[in-house]
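Residue numbers (the working numbering), protein chains in the order written: chain A, 1 to 200; chain B, 1 to 200. Okay, so here's the structure we're looking at.
Protein chains: 2
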Amino acid sequence: MPKQVDHRERRETIARALWRVVEQRGIAHASVREVAQEAGISHGAVQHYFATREELLVFAMDFASEQTSLRVADGVRELGNPPHPRDMLRAMLTEMLPLRPDARATSRMSAAYVLEALHNANIHARARDGLAHGRDLIEQIVRQAITDGHISPDRDPATETHLLLALTGLTPLIELSVIEPQDALAAVDQHLNRLFTNKT
Amino acid sequence: MPKQVDHRERRETIARALWRVVEQRGIAHASVREVAQEAGISHGAVQHYFATREELLVFAMDFASEQTSLRVADGVRELGNPPHPRDMLRAMLTEMLPLRPDARATSRMSAAYVLEALHNANIHARARDGLAHGRDLIEQIVRQAITDGHISPDRDPATETHLLLALTGLTPLIELSVIEPQDALAAVDQHLNRLFTNKT
DNA sequence: GTTGACATATTACAGCTGACCGGTAAAAGC
DNA sequence: GCTTTTACCGGTCAGCTGTAATATGTCAAC
């Protein structure tokens, strides 16, 4: 038996190095060599774990989505039981906006990934599926909230879902310091306040 | 006197070539050589008009903003006189979303520019100023609409402006075909309908 | 202690990059 | 016809790229 290494853990370490490079120096600098240097290993070692650069990008993005989901789950766990849908949506949105270091890293990773998706069929399909899945999750919450009387039945679940996802459009405003984080949170809260009835 | 060429026009031609490369092949492929080839000139000629690649990027983005403003102005001109603020905002937002070829080109250019801005102080300052200026324009329209009774005085102009700008967050949904253009327009119209009082 | 399997490192390669520079062509004033 | 100015070309340079091939290191089982 050879020396054994936790393959998955190694890949995650490299993926995190990629995040840091993307966050600090931009996707253009995220070469195999620079990621290797950031991870403190040789670029040949990176090749051992990822056959191609694209494979690395895809894994790093999947991992970023996963970590974002975990952060959301953590946030939701601190809510009441059962959690109010308004608070669940707020937790999701605040973790998607670049308001804290972890969220900023994954947000920038995500932005670069979407841009890459526009010219790479494989990545396009993956990004699309991922986003569509997130959309479905939110729409389900919205529909349940309507059923439970938290949201007016006049509202169209699909349109409301799109408007909630659109709130990630605050990202460039935050990243370029056009608005402050509290302004973004105020906008999110304002939107949620109008979406939900003030009954329960 | 030497051979005379319309300098500005040449630069715009090259900038449009850059747009096409960015739209069709991505910012990563937007090298001086590839842009030159797209424009049908030598890479030396591009250097004659732009000392550095960065200078080319900056010019192309300024030009994109300018052209977007012109498209908005065209759209507003077709509205009543005076145009209803609701229709003005709708024209602005629909020209910022990638719903038509021109708008898609400038939208992708803009997305790449924002990503670049995060790691380049010069571009950051320019992108920030440009976005802040757009924000101010919209906020002015919102404030005037409140004064004129088109929007409830309960609304906070700044927050409403941020929520309007956030609607550009529909862009990834459209680009990745998660929603259809008409879904995006429905969301925009829904948001505007709730923002404006239904009086005039 | 040899073997086998895998981890890691080294090196090589062909290609593209941005920046730079010398040369040339053309046009207009003198 | 000569000079000056501008427009543009094509080559060169050092440096970086992704990927592949190869070599060395490591350790458990036999």
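Each residue gets a CB set at the ideal place from its N, CA and C atoms; glycine is no exception. This structure is a prediction, so every number in the text was calculated from the model and none was measured.
So, does the CB of P153(A) fall closer than 8 Å to a CB anywhere in chain B?
Position 153 of the first sequence holds residue 153(A). Judged by the 8 Å Cβ criterion, P153(A) is not in contact with chain B.
- Message: Considering just the uninterrupted stretch of the alpha helix (DSSP H) at F59(B), what are its terminal residues?
- Response: Translated into positions along the second sequence, residue 59(B) becomes position 59. Where F59(B) is concerned, the enclosing alpha helix (DSSP H) stretches over 53-77.
ask   = Apart from the five residues on each side of it in sequence, which residues of its chain come closer than 7 Å, Cβ to Cβ, to L18(A)?
value = Working through the first sequence from its first residue, we reach residue 18(A) at position 18. So the qualifying residues of the chain are A30, V35, L56, A60.
Contact with chain A by Q37(B), beta-carbon distance below 8 Å
As a working note, residue 37(B) is residue 37 in the second sequence. For Q37(B), the answer is no, since every Cβ of chain A falls outside 8 Å of its Cβ.
Exercise. Using the beta-carbon count (16 or more within 10 Å), is R33(A) buried or exposed?
Worked result: Indexing the first sequence from 1 puts residue 33(A) at position 33. Under this definition R33(A) is an exposed residue.
Worksheet item: What residue does the alpha helix (DSSP H) around D203(B) start on, and which one ends it?
Response: Any answer about residue 203(B) is impossible in this case: the structure gives chain B only from 1 up to 200.
- Item | Residues of the region 101-116 of chain A whose Cβ lies closer than 8 Å to any Cβ of chain B, in chain order | R108, A111, A112, V114, L115, E116
**OP:** Compare the C-alpha of G134(B) against each of E66(B), V58(B), D74(B) and name the closest.
**Re:** For the purposes of this step, residue 134(B) is identified with residue 134 of the second sequence, where counting begins at 1. Among E66(B), V58(B), D74(B), the Cα nearest to that of G134(B) belongs to E66(B).
Q.
Taking 8 Å as the limit between beta carbons, can you name the residues of its chain near A105(B), skipping five residues before and five after?
A. Residue 105(B) sits at position 105 when you count from the first residue of the second sequence. Answer for A105(B): W19, R20, V22, E23, A64, listed in chain order.
- When DSSP labels each residue in this structure, what does M1(A) get in the three-state scheme? For this step, residue 1(A) is matched to residue 1 along the first sequence. Its pLDDT being 44, under 50, M1(A) is placed unreliably in this model, and the value from its coordinates should be taken loosely. In the displayed model, M1(A) falls within coil according to three-state DSSP, outside both helix and strand.
message: If contact is defined by three or more beta carbon pairs under 8 Å, each pair taking one atom from either stretch, is the region 167-184 of chain B in contact with the region 90-103 of chain B?
response: yes
When the distance is taken between beta carbons, is L195(A) closer than 8 Å to I146(A)? Taking the first sequence and counting its residues from 1, one reaches residue 146(A) at position 146. Taking the first sequence and counting its residues from 1, one reaches residue 195(A) at position 195. No.
Would you kindly check if the distance between the Cβ of A186(A) and the Cβ of T267(B) is under 8 Å? The structure shown does not extend to residue 267(B), since chain B is modelled only from 1 to 200, so the question has no answer here.
Please go through the same chain and pick out, in chain order, the residues whose beta-carbon is closer than 6 Å to the beta-carbon of D102(A), but skip the five residues on each side of it. Indexing the first sequence from 1 puts residue 102(A) at position 102. If we look at D102(A) and ignore the five residues flanking it on each side, it has no Cβ neighbours.
| task | Please work out which residues of its chain come closer than 7 Å, Cβ to Cβ, to V142(A), disregarding the five sequence neighbours upstream and downstream, and give them in chain order. | result | Numbered from 1 along the first sequence, position 142 holds the residue referred to as residue 142(A). Answer for V142(A): I151, P157, E160, T161, listed in chain order.
Report task. Note down, in chain order, all residues in the region 39-62 of chain B with a beta-carbon under 7 Å from any beta-carbon belonging to chain A. Result -> none
- G26(B) and L118(A) look like a contact to me (Cβ under 8 Å); what is the Cβ gap, rounded to whole Å? Residue 26(B) sits at position 26 when you count from the first residue of the second sequence. Residue 118(A) sits at position 118 when you count from the first residue of the first sequence. Right, the Cβ-Cβ distance comes to about 7 Å (below 8 Å), so this counts as a contact.
query: Along chain A, which residues have their Cβ under 9 Å away from the Cβ of R128(B)?
result: Position 128 of the second sequence, counted from the start, is the residue given in the question as residue 128(B). The answer, in chain order, is L176, S177, V178.
Worksheet item: Where does I151(A) sit, in a helix, a strand or coil, going by DSSP?
Response: Translated into the one-based positions of the first sequence, residue 151(A) becomes position 151. The answer is strand: DSSP assigns I151(A) an E or B state.
If we ignore side chains and look at the alpha-carbon of each, how far apart do V114(B) and H124(B) end up?
Reading the second sequence from its first residue, position 114 is the one you call residue 114(B). Reading the second sequence from its first residue, position 124 is the one you call residue 124(B). So the two alpha carbons sit approximately 8 Å from each other.
Taking a cut of 9 Å between CB atoms, which residues from the region 21-36 of chain A lie near chain B? Residues E23, Q24, R25, G26, I27, A28, H29.
Report, in whole angstroms, the separation of the C-beta atoms of L70(A) and V188(A), which I expect to be a contact under 8 Å. For this step, residue 70(A) is matched to residue 70 along the first sequence. For this step, residue 188(A) is matched to residue 188 along the first sequence. Going by Cβ atoms, the distance from L70(A) to V188(A) rounds to 21 Å, so no, they are not a contact pair.
Rounded to the nearest angstrom, what separates R128(A) and V178(B) at their Cα positions?
As a first step, residue 128(A) is located in the first sequence; it is residue number 128 there, counting from the start. As a first step, residue 178(B) is located in the second sequence; it is residue number 178 there, counting from the start. The straight-line gap from Cα to Cα measures roughly 6 Å.
Determine the chain B residues that contact R135(A) at a beta-carbon separation under 7 Å, and present them in chain order.
Position 135 of the first sequence holds residue 135(A). Those within 7 Å of R135(A) in chain B are V178.
If the cut is a Cβ gap below 9 Å, which residues of chain B does D183(A) touch? Position 183 of the first sequence, counted from the first residue, corresponds to residue 183(A). Those within 9 Å of D183(A) in chain B are A158, T159, H162.
TODO: Determine the burial state of R86(A): buried for a count of at least 16 other Cβ atoms within 10 Å of its Cβ, exposed for fewer.
DONE: Here residue 86(A) refers to the residue found at position 86 of the first sequence. It counts as buried.
query = Would you call R121(B) buried or exposed, if buried means 16 or more other Cβ atoms sit within 10 Å of its Cβ?
reply = The residue labelled residue 121(B) in the question sits at position 121 within the second sequence. Looking at the sequence shown, residue 121(B) is not Arg but Ala. The residue in question, A121(B), is exposed, as its Cβ has fewer than 16 Cβ neighbours within 10 Å.
When the distance is taken between beta carbons, is A28(A) closer than 8 Å to A28(B)?
The count along the second sequence starts at 1 and reaches residue 28(B) at position 28. The count along the first sequence starts at 1 and reaches residue 28(A) at position 28. Contact flag set, yes.
| Can you tell which of I41(A), R16(A), A91(A) has its C-alpha closest to the C-alpha of D62(A)? | Position 62 of the first sequence holds residue 62(A). It is R16(A) whose Cα lies nearest to the Cα of D62(A).
| message | Could you check whether the Cβ of L192(B) sits closer than 8 Å to any Cβ belonging to chain A? | response | Locating residue 192(B) in the second sequence gives position 192, where the first residue counts as 1. It does not: the Cβ of L192(B) has no partner Cβ on chain A nearer than 8 Å.
**Asked** Considering only residues of the same chain and omitting the five flanking positions on each side of R155(A), which have a CB-CB separation below 6 Å?
**Response** Translated into positions along the first sequence, residue 155(A) becomes position 155. Contacts found: none.
**Asked** Among M88(B), E54(B), R53(B), which has the Cα closest to the Cα of Q140(B)?
**Response** Here the question's residue 140(B) lines up with position 140 in the second sequence. For the residues M88(B), E54(B), R53(B), the minimum Cα distance to Q140(B) belongs to M88(B).
Query - Nearest-angstrom beta carbon gap, Q190(A) and L163(B) [assumed within contact, 8 Å] - result: Sequence index remark: in the second sequence, residue 163(B) carries index 163 (1-based). Sequence index remark: in the first sequence, residue 190(A) carries index 190 (1-based). Yes, they are in contact, since the Cβ atoms of L163(B) and Q190(A) sit about 7 Å apart, within 8 Å.
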